[in-house]
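S.K.:
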Amino acid sequence: MPAGNQIEIKSDIPYLGPERVEKLDVYLPPAKFPRPRAAVIFIHGGGWSGGSKSDERSKEFCNALAENGYVAVSIDYLLNKARKDAEGRTHFDAVAWPQNFLDCKTAVRFLRKNAGDFGIDPDRIAIMGASAGAHLALLVAATEDSDQWNKGGLYPEQSNDIRAVIEFYGRHDVTVDRRPHFAGSTEEETEANVIAASPATHLTSKMPPVLAVQGDADDIVPVSYGRRLVAQLAELGVPHEYIEIPGAKHAFGLTPPEQDLRPAVLAFLARYLGQDLPAKKRPD
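Heads up: the sequence shown runs through residues -1 to 282, numbered per the working numbering.
#1: Kindly examine the ligand HEM and report whether one of its heavy atoms sits closer than 6 angstroms to the Cβ of Asp143.
#2: Express the C-alpha separation of Arg33 and Ala277 in angstroms, rounding to a whole number.
#3: Pull up the CB-CB distance for Leu267 and Ala162, whole angstroms please, since I reckon it's below 8 angstroms.
#4: Identify which residue in Asp23, Pro16, His200 has its Cα closest to the Cα of Asp171.
#5: If you measure between the beta carbons of Asp214 and Pro255, is that distance less than 7 angstroms?
#6: Tell me the residue span of the alpha helix (DSSP H) that contains Tyr270.
#7: Is the segment 84 to 98 touching the segment 172 to 189 in the sense that three or more CB pairs, one from each, lie closer than 8 angstroms?
#8: Per the DSSP calculation, Met126 is bridged to which residue(s)?
#9: Could you check whether Ser47 and Asn3 sit closer than 7 angstroms to each other, using their CB atoms as the reference points?
#10: Please name the residue or residues paired with Glu6 in a DSSP beta bridge.
#11: According to DSSP, simplified to helix, strand and coil, what is Thr104?
#12: Thinking just about the alpha-carbon of each residue, which of Asp74, Gly15, Glu142 is nearest to the one in Pro206?
#13: Who pairs with His238 in a beta bridge, going by DSSP?
#14: So what does DSSP say about Ala70, is it helix, strand or coil?
#15: Inspect the CB distances between the segment 39 to 58 and the segment 126 to 146 and report whether three or more fall short of 8 angstroms.
#16: First and last residue of the alpha helix (DSSP H) that includes His116?
#17: If I measure Cβ to Cβ from Ser157 and keep anything under 7 angstroms in the same chain, skipping five residues before and after, which residues do I get?
#18: Nearest to Leu152 by CA position, among Ser9, Ser183, Val192, Pro16, is which residue?
#19: First and last residue of the alpha helix (DSSP H) that includes Arg55?
#20: For Asp274 and Ile118, I'd like the C-alpha separation in whole angstroms.
#21: Starting from Ala198, trace the alpha helix (DSSP H) both ways and give me its first and last residue.
#22: So, with DSSP's three-state summary, where would you put Ala249?
#23: Considering Asp91, what are the terminal residues of the beta strand (DSSP E) in which it resides?
#24: Is DSSP giving Arg225 helix, strand or coil here?
#25: So, for His248: in the same chain, excluding its five sequence neighbours on each side, which residues have a beta-carbon less than 8 angstroms away from its beta-carbon?
#26: Should Lys103 go down as buried or exposed, given a rule of 16 or more other Cβ atoms within 10 Å for buried?
#27: Would Leu76 and Asp101 qualify as a contact pair, given that the criterion is a beta-carbon distance under 7 angstroms?
#28: So, Leu234 versus Ser183, is the Cβ gap smaller than 7 angstroms?
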């Protein structure tokens, strides 16, 4: 149990079965925040080929969430095996789709199954991601009611429901310029994969509320992706908020030079998950 003002981190918890090396870390808020608490699953970026649950960006997001009373859960998931040739071109020796996506859905069910152990309210779970992780976070939320994508896997008795989504500079459509990351053995299979892997394919009016954050100087995920996502959400009537940061490029955290994003992120979570306030200190 963490002390009154300290975060406790439980590292390298297996959630995918004994044959898998990918683990998750749980950031428990200070003890002054009453249990059960809302939880936020964080999915790291890295182009579906790199990144880690314990990289500096993941730690930044998760520590900020835990400091404010949310149980933050940072996950590793199956990655593509990529290499660069002498000319700097990327080649994929193994493609993780759809297992990378299914790993993220398993994390939701694992957290719900073990909610009591971590002091979590199983009805208040959100998902958050950056870059490739944002793509996966959107996909997990958009398919929470999908019979196709929710059958099988571990903990099938648990719900895949998500209460809210926060995505930082993610792609909601991978059908155009990220096809090799989802390649199949034939062009027909690749086409089916990129359609299935695009959150845009699955968005409906039942999509949980979304906070989308995008820099207008992003040269990895152009700002048009953020704008198209919120346009689709608006057309469907999905509650959403959009923050577009002038001058911001790719891969910023919660405090880019242009804007402190912590107030907006915390306000969004409080609106849709509720806010667990610290217990008042008892008078002597």
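Virtual Cβ for every residue (Gly too), placed ideally from N, Cα, C.
M.R.: On the basis of the supplied data:
#1: This structure lacks the ligand HEM; in fact it carries no ligand of any kind.
#2: Going from the Cα of Ala277 to the Cα of Arg33 covers about 10 angstroms.
#3: In this structure Leu267 is in contact with Ala162, their Cβ atoms being roughly 7 angstroms apart against a cut-off of 8 angstroms.
#4: When only C-alpha atoms are compared, the closest one is His200.
#5: no
#6: Element bounds for Tyr270: 260 to 271.
#7: Contact holds: three or more Cβ-Cβ distances are below 8 angstroms.
#8: Phe40, Ile164
#9: no
#10: Leu26
#11: helix
#12: Glu142
#13: Val208
#14: strand
#15: yes
#16: For the record, residue 116 in the displayed sequence is Phe; it is not His. Unbroken alpha helix (DSSP H) run through Phe116: 113 to 116.
#17: Arg110
#18: Nearest C-alpha to Leu152 among Ser9, Ser183, Val192, Pro16: Pro16.
#19: 54 to 65
#20: 11 angstroms
#21: 197 to 200
#22: coil
#23: 88 to 92
#24: DSSP places Arg225 in the helix class (H, G or I) of the three-state scheme.
#25: The residues are Ser129, Tyr167, Gly213, Asp216, Asp217, Ile218, Val219.
#26: buried
#27: yes
#28: no
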